[in-house]
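Asks:
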Amino acid sequence: MIVATFQAENPSVGAAPQARGQRRRKAGIFSPIPRKHYALTAGIALVVLLAVWWAASAFKLVNPLFLPGPGEVWKSFRLWTSDNTLWLDTRDSVTRIMLGFLVSSLVAVPVGILMGTYKRTEAAIEPIVGFIRYMPAVAFIPLTLIWFGTTETQKIVILFIGVFFQEVLLVMDNVKTVPKQFVEMAYTLGLRQPAVLWRVVVRYSLPGIVDTLRICMGWAWTYLVVAELVGAQTGLGFRIQTAQRYLDTPLILAGIIWIGILGLAFDYGFKLIYVKAFPYMKRGR
Amino acid sequence: MSDLLAIDQVWKSFPRRKAEDLLVLKDVSLTLAEGEFVSLLGASGCGKSTLLRIVAGLEQETAGEIRLDGAQVVGPGRDRGMVFQQYTLFPWLTAQGNVEFALDDVPRGQRAEIAREYLNVVGLLKFADNFPNELSGGMQQRVAIARALALRPRILLMDEPFGALDAQTRGLMQELLLSIWERDRLSVLFVTHDVEEALILSDRVCVLGASPGHVREIVDVPIPRPRVYELRDSAEFVKLKQHVHGLIHDEAVKATGLAGVLARGGY
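Structure, rendered in structure tokens:
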């Protein structure tokens, strides 16, 4: 319904007179919906999912050993928080993820920028990276154990392997989106090559790179369990695996959901940075 | 006499894969005096933009030479202010920030003030703090002109700067450019495919023929200045327009390979 959406987006725009017997066009392709409707729909979907889950266990549709109900999972979560282990597990996992992500990004961002800018750098690195990134990170566990033992370094290396090879290619692609005319404009404004690279190429790609960092942070979370597969004594991934040994499915689910919530929080943090740092990226008129 | 800009027997060809080099400019010569407004006019594909890019130093001529103030042009530089057809304002900078970008040679403390002066010239002082995506196409091009002016270049190079604008806005932009030109006596090399635009703005119009691009005729525009909008209807202007249209039409027919089709009796 065109009139309604228009008002929702521009409160300052006056209401147009209502046409009589107007036809509503619902759910048009790409047609926007008010913010409130979006939040409401998302909320309803979540409630429905929880209800289905609850019903499945309450009416014994699924063996509770395989799928415990929400109540069981919540109890398990409370137990986990009661003796401070949740906090310790979270702290250790977040530290690992931050370190793995940081080391990966510190290398991937500058290398990706150079690959996107200079064809020769791309030629030297892209084929190798493209090859390695199809190797599963899990398969590197034995090798990393031989190299680093069951240390924290080994876990960070696994996270690095899981993230870096994707990240560097994404950063390269971010840089390649810089329109050629911006580079030419910069040259005609008298900038020399290093200045063009820094003040135009890097600056232009910055929003894209921050978005890439957000996505890669998500990958780091998905590799957490892999990183804590061997030789960890704490951590969310470690806790989930221990729970599996005791068939403690409520704790497994609590751990998975907690990881999801933490991942979402980090994702939201990055989106906040994006909005604050790049105000010009929001749609203009 | 010493010309400001000399385009001296310039040839340009692009290498092609599995084919002969593509010749786009054939022995083009043209001079531009200080304070002169010259247009490069031609149908699409006649190499006019390529020629301008060579003057800007963004392309390398295959043979010949470009001289600015007697010195050979070897690359882009601040002595030539460029305005492209596509919007080239840096999206992360405000209108003022974009103009300040051209003021690297000015002490930091004075940049803001000078940038605002140039925004005032194009009538956009009120929009100094707006980002490009908050400005219309015409406004963006005005900021781009302010930025090019802020370089205080020896010559302004404009590559179909109003080509992406609607007809009304384009007319206003032409008037704005004329008023700035008449005030500051800039030297301008202006690329366009619009006959009327070329005639209304220029002292001389260099009509380029196509495939390969060559100088077909250099037309003097002896219409007195300041030029006003109404002159478009004057007999002198209409006559010039018909003459130039004739030149362009011949070349366009040749360039598109439509000669045979049209001869069969289109209309």
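Which chain is which? The protein sequence lines are B and W, in order.
Each residue of the first sequence is one higher than the last, beginning at 14 in the numbering used here.
Each residue of the second sequence is one higher than the last, beginning at 5 in the numbering used here.
Heads up, the beta-carbon is just placed ideally off N, CA and C, and yes, glycines get one too.
Quick one, which of W:P80, W:A47, W:C50, W:G49 has its alpha-carbon nearest A60 (chain W)'s?
Replies: Ranking W:P80, W:A47, W:C50, W:G49 by Cα distance to A60 (chain W) puts W:P80 first.
Asks: Any chance the region 164 to 171 of chain B sits against the region 198 to 205 of chain B, with 3 or more Cβ pairs inside 8 Å?
Replies: As far as the Cβ criterion goes, the region 164 to 171 of chain B does not touch the region 198 to 205 of chain B, which means the pair count is below three.
Asks: Roughly how many angstroms lie between the CA atoms of G56 (chain B) and Y293 (chain B), to the nearest whole one?
Replies: Rounded to whole angstroms, G56 (chain B) to Y293 (chain B) spans 30 Å at the Cα level.
Asks: Using a Cβ-Cβ cutoff of less than 7 Å, which residues in the same chain neighbour R57 (chain W) once the five nearest sequence positions on both sides are dropped?
Replies: Answer for R57 (chain W): E63, listed in chain order.
Asks: Would A256 (chain W) count as contacting chain B if we go by Cβ distances under 8 Å?
Replies: Answer no: the Cβ-Cβ gap between A256 (chain W) and chain B never drops below 8 Å.
Asks: Step through the CB atoms of chain W and report whether any lies within less than 8 Å of the CB of R133 (chain B).
Replies: Not closer than 8 Å to any Cβ of chain W, the Cβ of R133 (chain B) fails to qualify, so no.
Asks: Buried or exposed: which applies to Q144 (chain W), given that a residue is buried once 16 or more other Cβ atoms fall within 10 Å of its Cβ?
Replies: Buried.
Asks: Is E69 (chain W) buried or exposed, if buried means 16 or more other CB atoms sit within 10 Å of its CB?
Replies: Per the 10 Å Cβ criterion, exposed.
Asks: Could you check which residue in B:K88, B:L101, B:V65, B:V75 has the C-alpha nearest to that of T247 (chain B)?
Replies: Here the closest residue by C-alpha is B:L101.
Asks: Note down the Cα distance separating N23 (chain B) from L59 (chain B), rounded to an integer number of angstroms.
Replies: For N23 (chain B), the pLDDT reaches just 45, beneath the cut-off of 50, and the residue's location in the model is therefore unreliable, although a value from the coordinates is still provided. Taking the straight line from one Cα to the other gives about 29 Å.
Asks: Exposed or buried, which one is V242 (chain W) when buried takes at least 16 other CB atoms within 10 Å?
Replies: The residue is exposed, with fewer than 16 neighbouring Cβ atoms inside 10 Å.
Asks: Do you know how far the Cα of T157 (chain B) is from the Cα of L155 (chain W)?
Replies: Distance between the alpha carbons of L155 (chain W) and T157 (chain B): 57 Å.
Asks: Which of the three DSSP states, helix, strand or coil, is assigned to I227 (chain W)?
Replies: DSSP places I227 (chain W) in coil when its eight states are reduced to three.
Asks: How is the alpha helix (DSSP H) around V128 (chain B) delimited, first residue to last?
Replies: The amino acid occupying residue 128 (chain B) in the given sequence is Met; Val does not appear at that position. Start and end: 98 to 130.
Asks: Helix, strand or coil for I70 (chain W)? Go by DSSP, reduced to three states.
Replies: Note: I70 (chain W) maps to strand in three-state DSSP.
Asks: Thinking V42 (chain W) and R208 (chain W) are a contact (beta carbons under 8 Å), I'd like their distance in whole angstroms, please.
Replies: Contact flag correct, Cβ pair sits at about 5 Å.
Asks: Can you give, in chain order, each stretch of the beta strand (DSSP E) that sits fully within the region 29 to 90 of chain W and has at least 3 residues?
Replies: Complete beta strand (DSSP E) runs here, min 3: 41 to 45, 67 to 72, 84 to 87.
Asks: Looking at the unbroken beta strand (DSSP E) that takes in D163 (chain W), where does it start and where does it end?
Replies: It spans 159 to 163 - the beta strand (DSSP E) in which D163 (chain W) sits, taken as one unbroken run.
Asks: Since P81 (chain B) contacts L266 (chain B) with CB under 8 Å, what's their CB separation in whole angstroms?
Replies: Yes, P81 (chain B) and L266 (chain B) are in contact; Cβ-Cβ is about 7 Å, under 8 Å.
Asks: Around the C-beta of Y217 (chain B), are 16 or more other C-beta atoms found within 10 angstroms, so that it is buried, or is it exposed?
Replies: So Y217 (chain B) counts as buried.
Asks: What in chain B is Cβ-close to V88 (chain W), meaning under 8 Å?
Replies: First, the amino acid is wrong: residue 88 (chain W) is Phe here, not Val. Simply Q194, E197, M198.
Asks: Near R3 (chain W), which residues of its chain fall below 7 Å by C-beta distance, leaving aside the five closest residues on each side in sequence?
Replies: Here chain W has residues from 5 to 271 only, and residue 3 (chain W) is not among them.
Asks: One question on the structure: do I110 (chain B) and A233 (chain B) come within less than 8 Å of each other, judged by their Cβ atoms?
Replies: Against a cut-off of 8 Å, the Cβ pair of A233 (chain B) and I110 (chain B) comes out as a contact.
Asks: Would you report the Cα separation of D133 (chain W) and A116 (chain W), rounded to the nearest angstrom?
Replies: C-alpha separation (whole angstroms): 11 Å.
Asks: Answer with buried or exposed for P149 (chain B), where buried requires no fewer than 16 other C-beta atoms within 10 angstroms of its C-beta.
Replies: Exposed, by the Cβ-count rule.
Asks: List the residues of chain W that G203 (chain B) touches, going by C-beta distances under 7 Å, in chain order.
Replies: The answer, in chain order, is G81, R82, D108.
Asks: Should Y236 (chain B) be labelled buried (16 or more other beta-carbon atoms within 10 Å of its own) or exposed?
Replies: Y236 (chain B) is buried by the Cβ-count criterion.
Asks: Using only the alpha-carbon positions, how far apart do D280 (chain B) and F161 (chain B) sit?
Replies: D280 (chain B) and F161 (chain B): Cα-Cα distance of roughly 30 Å.
Asks: Are the C-beta of W96 (chain W) and some C-beta of chain B separated by less than 8 Å?
Replies: Chain B, which has a Cβ nearer than 8 Å to the Cβ of W96 (chain W), makes this yes.
Asks: Drop a sphere of 10 angstroms on the beta-carbon of T92 (chain W), count the other beta-carbons inside from all chains shown, and report buried for 16 or more, exposed for fewer.
Replies: Buried.
Asks: Can you tell me whether DSSP reads P19 (chain W) as helix, strand or coil?
Replies: P19 (chain W) falls in the strand class under three-state DSSP.
Asks: Evaluate L190 (chain B) with the Cβ neighbour count: other Cβ atoms within 10 Å of its Cβ, from every protein chain shown; 16 or more gives buried, anything less gives exposed.
Replies: Looking at the sequence itself, residue 190 (chain B) is Thr, so the reference to Leu does not match. Counting Cβ neighbours within 10 Å, T190 (chain B) comes out exposed, since fewer than 16 surround it.
Asks: Any contact of the region 268 to 285 of chain B with the region 249 to 256 of chain B, i.e. 3+ C-beta pairs under 8 Å?
Replies: The answer is yes - the region 249 to 256 of chain B touches the region 268 to 285 of chain B, with three or more Cβ pairs under 8 Å.
Asks: Look at the Cβ atom of V142 (chain B), then the Cβ atom of F178 (chain B), and state whether they are nearer than 8 Å.
Replies: Yes, Cβ-Cβ distance for V142 (chain B) and F178 (chain B) is below 8 Å.
Asks: Cβ of I126 (chain B) within 8 Å of Cβ of V86 (chain B)?
Replies: In this structure, V86 (chain B) does not lie closer than 8 Å to I126 (chain B) by Cβ.
Asks: Out of W:F18, W:N137, W:E104, W:A256, state which residue places its alpha-carbon closest to the alpha-carbon of V211 (chain W).
Replies: The residue with the shortest Cα to Cα distance from V211 (chain W) is W:A256.
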